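Residue numbers (full-length UniProt numbering): 1 to 669.
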């Protein structure tokens, strides 16, 4: 009774749903599922990426119970997405798509395994599913790795030491076992480095950690593995990104596991769900890929940053508690709730006569799961690569179960229909079981549907009560950073776009500024994209027009140090170098500037301020309509500066270069 009541409270559906109503089938075909001649490739699981970058930034700020609910939808077995794999960025202090993630070693003599939020996220995933596989992959690296050069392979022993330290730190400080490690996301690989990484892993007792290469394209890694037997011996998985469900002959000839180690990256509406449904099946059917990993796990970053809402679900309002369980979550469940890594695919062609695809998997112990998708072209286009035309029509599919499956009598049925015409989608509904008669059953398939037929009776669609309604970022927001033992290294809602801004204890301060926010990256990282030459962290509502931004600032760098506060900031992520806004700068040489851009080249006003380094000052920026003014320590410094563009944007703070600087008592209204 207690279990049943719990299920009712959560809204778990496990009773038969309404029978499907569809048009008469236009085409019939038969398909045979047989394990008598052996099985296909081993299934390695479905996963998602947190990072690459800062895609989970806002998730950590959610209050309970909403934060735990979001995590349950992602990771809890037989609940929602029930993911098998979590892949995280190994933060390297550089911009990696929607922000920067902090390194565990900002500097050569620095180690801290509590920065950022990926440690926390991996622990939360493991708490819900102890069997979940963990992958680490760097996008960027601290500059000291390259000894001043923008390249991580000149000193491969240093890079290997840095990566292995992260793996060891995961275990020592968080009791996390990393299962797979990558090389350098979507950039060149070095055979010498990969071999040295394997040697270093083994030397440190990490023989169980597998290597994925090269998280880019199928080539040249596949060809190099064929001609370099030593490299072939140390790479366990070939991981390709956005393969369009296709592989290459060289990859197959390596006889390695083939993964789509980053895929999807598509706006999470019904078309995004169609994209995800299609590639989850067809990556294996067309490309022999035994794992597909979505970028990204959860859209927990400001939506106006690049690739807004390209997560399996959306959680971008910690201030309101609002989140949305998007359709891709339930598409994921069609596979993840009825398979496990270690199952095997059956040897089938997998293409449906009327268009669409199916896969069949078994645990080798008599269980069988069949996943069918009939996504049409226009309703399943992913963001990349371009999708060639194809057609899908309603059809009747008859399956013959042979070999060890001949004795199966009943299959549980789960169904989704993406409702593009009606606007009403039916997602992950349990239908009446299908009776198998002498190893045979038929199914009428309409377009844009997903079916799971399985011997397993463990699936659930669990739904928490509705979260709070959406609400814009607070129009009056303050943070004094006065927190002695912060749960995370970064202050809530600030989204670093170049540099890293961390809570700091200013032990030498007499009292007013003991707890501050400090920019801590003092060398340009080994970059993945074009980071700005300045550091910047954004916050607030992208639609803000009129605002007052106030902040206490402390320039640490003598002579040529400088800091800014800003409003109407219009860009970030991979486009951070082109950021415009209204920027109020003060410099250690006693001057100030007002500029229209982060680069500081479009000067609107300049003059003397009297500001000096290693002293606290208060900056205030007022923007009203087409006019802006600035105050220093409460007194007007400049006024009546005309600002026409951008017309709206975030608030921000930052520094002139990669330099230490502190901020306190931030207030935007």
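The C-beta atom is built at its ideal place from N, Cα and C for all residues, glycine as well. Computed from a predicted model, the values in this text were never measured in an experiment.
By DSSP, does residue 189 sit in helix, in strand, or in coil?
What you label residue 189 is simply residue 189 of the chain shown in a count that begins at 1. The answer is coil: DSSP assigns residue 189 none of H, G, I, E or B.
Please report the distance separating the alpha-carbon of residue 157 from that of residue 192.
As a position in the chain shown, residue 157 is number 157, starting the count at 1. As a position in the chain shown, residue 192 is number 192, starting the count at 1. Approximately 10 Å, taken between the alpha carbons.
Start and end residues, alpha helix (DSSP H) containing residue 224
In the chain shown, residue 224 corresponds to position 224, counting from 1. Run containing residue 224: 221-227, per the alpha helix (DSSP H) assignment.
Using the beta-carbon count (16 or more within 10 Å), is residue 598 buried or exposed?
Residue 598 sits at position 598 when you count from the first residue of the chain shown. Label assigned to residue 598: buried.
Residue 484 (DSSP reduced to helix, strand or coil):
As a first step, residue 484 is located in the chain shown; it is residue number 484 there, counting from the start. It is coil, neither helix nor strand.
Between the alpha carbons of residue 504 and residue 452, how many angstroms are there, rounded?
Along the chain shown, read from residue 1 onward, the residue named residue 504 stands at position 504. Along the chain shown, read from residue 1 onward, the residue named residue 452 stands at position 452. Their backbone Cα atoms lie some 51 Å apart in a straight line.
When you compare the CB positions of residue 654 and residue 499, do they come within less than 8 Å of one another, or not?
For this step, residue 654 is matched to residue 654 along the chain shown. For this step, residue 499 is matched to residue 499 along the chain shown. Yes, the pair counts as a contact, with Cβ atoms nearer than the cut-off.
Mind checking whether residue 102 and residue 502 have CB atoms under 8 Å apart?
Residue 102 sits at position 102 when you count from the first residue of the chain shown. Residue 502 sits at position 502 when you count from the first residue of the chain shown. Taking 8 Å as the Cβ cut-off, residue 102 and residue 502 qualify as a contacting pair.
Measure the Cβ-Cβ separation of residue 176 and residue 134 and say whether it is below 8 Å.
One-based indexing of the chain shown puts residue 176 at position 176. One-based indexing of the chain shown puts residue 134 at position 134. Cβ distance < 8 Å, so residue 176 and residue 134 count as in contact.
Span of the alpha helix (DSSP H) holding residue 328?
Taking the chain shown and counting its residues from 1, the one referred to as residue 328 is at position 328. Element bounds for residue 328: 327-336.
Can you list, in chain order, the residues of its chain whose CB lies under 6 Å from that of residue 26, leaving out five sequence neighbours each side?
Position 26 of the chain shown holds residue 26. For residue 26, where only same-chain residues beyond five positions count, the Cβ hits under 6 Å are 393, 394.
For the beta strand (DSSP E) that contains residue 454, what are its first and last residues?
Along the chain shown, read from residue 1 onward, the residue named residue 454 stands at position 454. Looking at the DSSP string, the run of the beta strand (DSSP E) that includes residue 454 is 449-454.
Just tell me which of 592, 562, 461, 519 has its CA closest to the CA of residue 605.
What you label residue 605 is simply residue 605 of the chain shown in a count that begins at 1. Of the candidates 592, 562, 461, 519, the one whose C-alpha sits nearest the C-alpha of residue 605 is 592.
Return the first residue and the last residue of the beta strand (DSSP E) that residue 174 is part of.
The sequence position of residue 174 within the chain shown is 174, counting from 1. In the DSSP assignment, residue 174 falls outside any beta strand (DSSP E) and lies within the alpha helix (DSSP H) extending over 156-174.
How long is the line joining the alpha carbons of residue 23 and residue 445, rounded to whole angstroms?
Counting from one through the chain shown, the residue named residue 23 turns up at place 23. Counting from one through the chain shown, the residue named residue 445 turns up at place 445. Residue placement at residue 23 is poorly supported in this model, since its pLDDT is 48, which falls under 50; the coordinates still yield a value, given next. Computed Cα separation, rounded: 9 Å.
Check whether chain C comes within 8 Å of residue 121, counting only Cβ atoms and requiring the distance to be less than that.
Considering every chain present, this structure includes no chain C. It has just one protein chain.
Would a C-beta distance cut-off of 8 Å place residue 92 and residue 54 closer than the cut-off?
Counting from one through the chain shown, the residue named residue 92 turns up at place 92. Counting from one through the chain shown, the residue named residue 54 turns up at place 54. Contact: no.
Alpha carbon to alpha carbon, how far is residue 633 from residue 212? Give it in angstroms, no decimals.
As a position in the chain shown, residue 212 is number 212, starting the count at 1. As a position in the chain shown, residue 633 is number 633, starting the count at 1. Computed Cα separation, rounded: 54 Å.
N- and C-terminal bounds of the beta strand (DSSP E) containing residue 259
Against the chain shown, residue 259 aligns to sequence position 259. Looking at the DSSP string, the run of the beta strand (DSSP E) that includes residue 259 is 257-264.
Hey, could you find the ends of the beta strand (DSSP E) residue 639 is sitting in?
The sequence position of residue 639 within the chain shown is 639, counting from 1. Looking at the DSSP string, the run of the beta strand (DSSP E) that includes residue 639 is 635-642.
What residue does the beta strand (DSSP E) around residue 585 start on, and which one ends it?
If you number the chain shown from 1, residue 585 lands on position 585. Per DSSP, residue 585 is one residue of the beta strand (DSSP E) stretching across 580-587.
Endpoints, alpha helix (DSSP H) assigned at residue 671
Since the first residue of the chain shown is 1 and the last is 669, residue 671 is not available in this structure.
Per DSSP, what kind of secondary structure is residue 124 in: helix, strand or coil?
Here the question's residue 124 lines up with position 124 in the chain shown. Of the three classes helix, strand and coil, the one that applies to residue 124 here is helix, per DSSP.
Put residue 623 into one of helix, strand or coil per three-state DSSP.
Residue mapping note: residue 623 aligns to position 623 of the chain shown, counting from 1. Strand, per DSSP.
Specify whether the stretch 138-149 and the stretch 188-205 touch according to this definition: at least 3 beta carbon pairs, one from each stretch, less than 8 Å apart.
no
Report back the beta-carbon spacing between residue 553 and residue 563 to the nearest angstrom; my notes put them in contact at under 8 Å.
Counting from 1 along the chain shown, the entry for residue 553 is found at position 553. Counting from 1 along the chain shown, the entry for residue 563 is found at position 563. That pair is a contact at about 5 Å.
Between the Cα of residue 479 and the Cα atoms of 252, 50, 666, 270, which residue gives the shortest distance?
Taking the chain shown and counting its residues from 1, the one referred to as residue 479 is at position 479. It is 666.
Tell me which same chain residues have a C-beta within less than 8 Å of the C-beta of residue 114, skipping the five on either side of it?
Residue numbering aside, residue 114 sits at position 114 when the chain shown is read from its first letter. Taken in chain order, the residues that qualify are 173, 489.
Is the separation between the beta-carbon of residue 656 and that of residue 587 shorter than 8 Å?
Position 656 of the chain shown, counted from the first residue, corresponds to residue 656. Position 587 of the chain shown, counted from the first residue, corresponds to residue 587. Yes. Within cutoff.
Taking all protein chains shown into account, do 16 or more other C-beta atoms lie within 10 angstroms of the C-beta of residue 635, making it buried, or fewer, making it exposed?
Here residue 635 refers to the residue found at position 635 of the chain shown. It counts as exposed.
Which listed residue (28, 33, 249) has its alpha carbon closest to that of residue 371:
Here residue 371 is taken as the residue at index 371 of the chain shown, counted from 1. Of 28, 33, 249, the residue nearest in Cα terms is 33.
Residues bridged to residue 477 by DSSP?
One-based indexing of the chain shown puts residue 477 at position 477. Residue 477 is bridged to 668.
Name the two residues that bound the continuous alpha helix (DSSP H) containing residue 284.
Against the chain shown, residue 284 aligns to sequence position 284. Per DSSP, residue 284 belongs to the alpha helix (DSSP H) from 270-285.
Identity of the residue in 529, 487, 643, 268 nearest residue 117 by Cα
Within the chain shown, numbered from 1, the residue matching residue 117 stands at position 117. Checking every option, the nearest Cα to that of residue 117 belongs to 487.
For residue 676, the nearest candidate out of 190, 515, 493 (CA to CA)
In the structure as shown, the chain starts at 1 and stops at 669, and residue 676 therefore has no counterpart that could be examined.
How close, in whole Å, do the beta carbons of residue 293 and residue 47 come, if the pair is a contact with beta carbons under 8 Å?
Along the chain shown, read from residue 1 onward, the residue named residue 293 stands at position 293. Along the chain shown, read from residue 1 onward, the residue named residue 47 stands at position 47. Cβ atoms of residue 293 and residue 47 come within 8 Å of each other, at about 4 Å.
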